[in-house]
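No gaps in the numbering here: position 121 of the sequence shown is 127 in the working numbering, and each next residue is one more.
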Amino acid sequence: MSAPGLPSAETDVVSAARARADALVAGDATALRRLTHERFVWTSHRGDRFNRDEYLAANIGGDLRWHRQELEHPSVQVVADTAVLRCIVRDVVAQEAAAPPADEVYRMPVTQTWVRESGKWRCLAGHAGPRISDLP
């Protein structure tokens with residue numbers, strides 16, 4: 007089902023991106039693996055580069071705890087079975103190893119490339135950053 011004014015494919019990509027964000031917050035490695043392509047790559051706002059297994063290890067089950075990820079003003083361009091999503095994300099995370107753990111808020115641009123296989127959108131690649139320092 008598509009949102010008013012948005013074609014179905016664009017709406018589906020935004021829904022998949024929000025499901026990916028929800029999987030991070032839930033610490034759900036199974037859902038995150040299902041939403042990422044087996045050839046998935048990511049570059050963080052610090053320039054760290056990850057493949058899918060490295061990304062899962064860095065974001066699920068380690069010291070990093072996701073409390074929220076919000077996608078602000080997502081924009082999607084779809085060509086056939088490939089989509090590029092651009093937005094600003096607002097992340098709320100905590101490093102559990104910190105004493106005491108404290109929430110950190112990050113806001114930054116994100117670009118994600120999604121591919122549709124067998125009717126399902128999966129994130130193939132992403133890049134976050136640079137961090138926007140003037141948080142509201």
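Each residue gets a CB set at the ideal place from its N, CA and C atoms; glycine is no exception. Note that the coordinates shown come from a computational prediction; the quantities given were computed from them, not determined experimentally.
Where ALA63 and SER81 are concerned, what is the direct C-alpha to C-alpha distance, given to the nearest angstrom?
28 Å
Name the one or two DSSP bridge partners that ASP97 has.
GLN75 and TYR112
Helix, strand or coil for PRO142? Go by DSSP, reduced to three states.
Because the pLDDT at PRO142 is just 49, under 50, the model does not fix this residue reliably, and the value given afterwards should be weighed accordingly. Three-state result, PRO142: coil.
In whole angstroms, what is the alpha-carbon distance linking GLU16 and PHE46?
20 Å
Could you tell me the boundaries of the beta strand (DSSP E) in which ALA86 lies?
Unbroken run through ALA86: none, as it is neither H nor E.
Enclosing beta strand (DSSP E) for ARG58 [first to last residue]:
No beta strand (DSSP E) holds ARG58; the alpha helix (DSSP H) holding it covers 58-65.
In angstroms, rounded to a whole number, what distance separates the CA positions of LEU130 and LEU91?
11 Å
List the whole-angstrom C-beta distance separating LEU70 from VAL99, where the pair is believed to meet the contact cut-off of C-beta under 8 Å.
6 Å
Give the straight-line distance between the Cα atoms of THR42 and VAL121, rounded to the nearest whole angstrom.
9 Å
Can you name the residues that DSSP bridges to GLU102?
GLU102 pairs with nothing; no bridge assigned.
Closest by CA to ARG113, which one among ARG26, GLY125, ARG74 and ARG39?
ARG74
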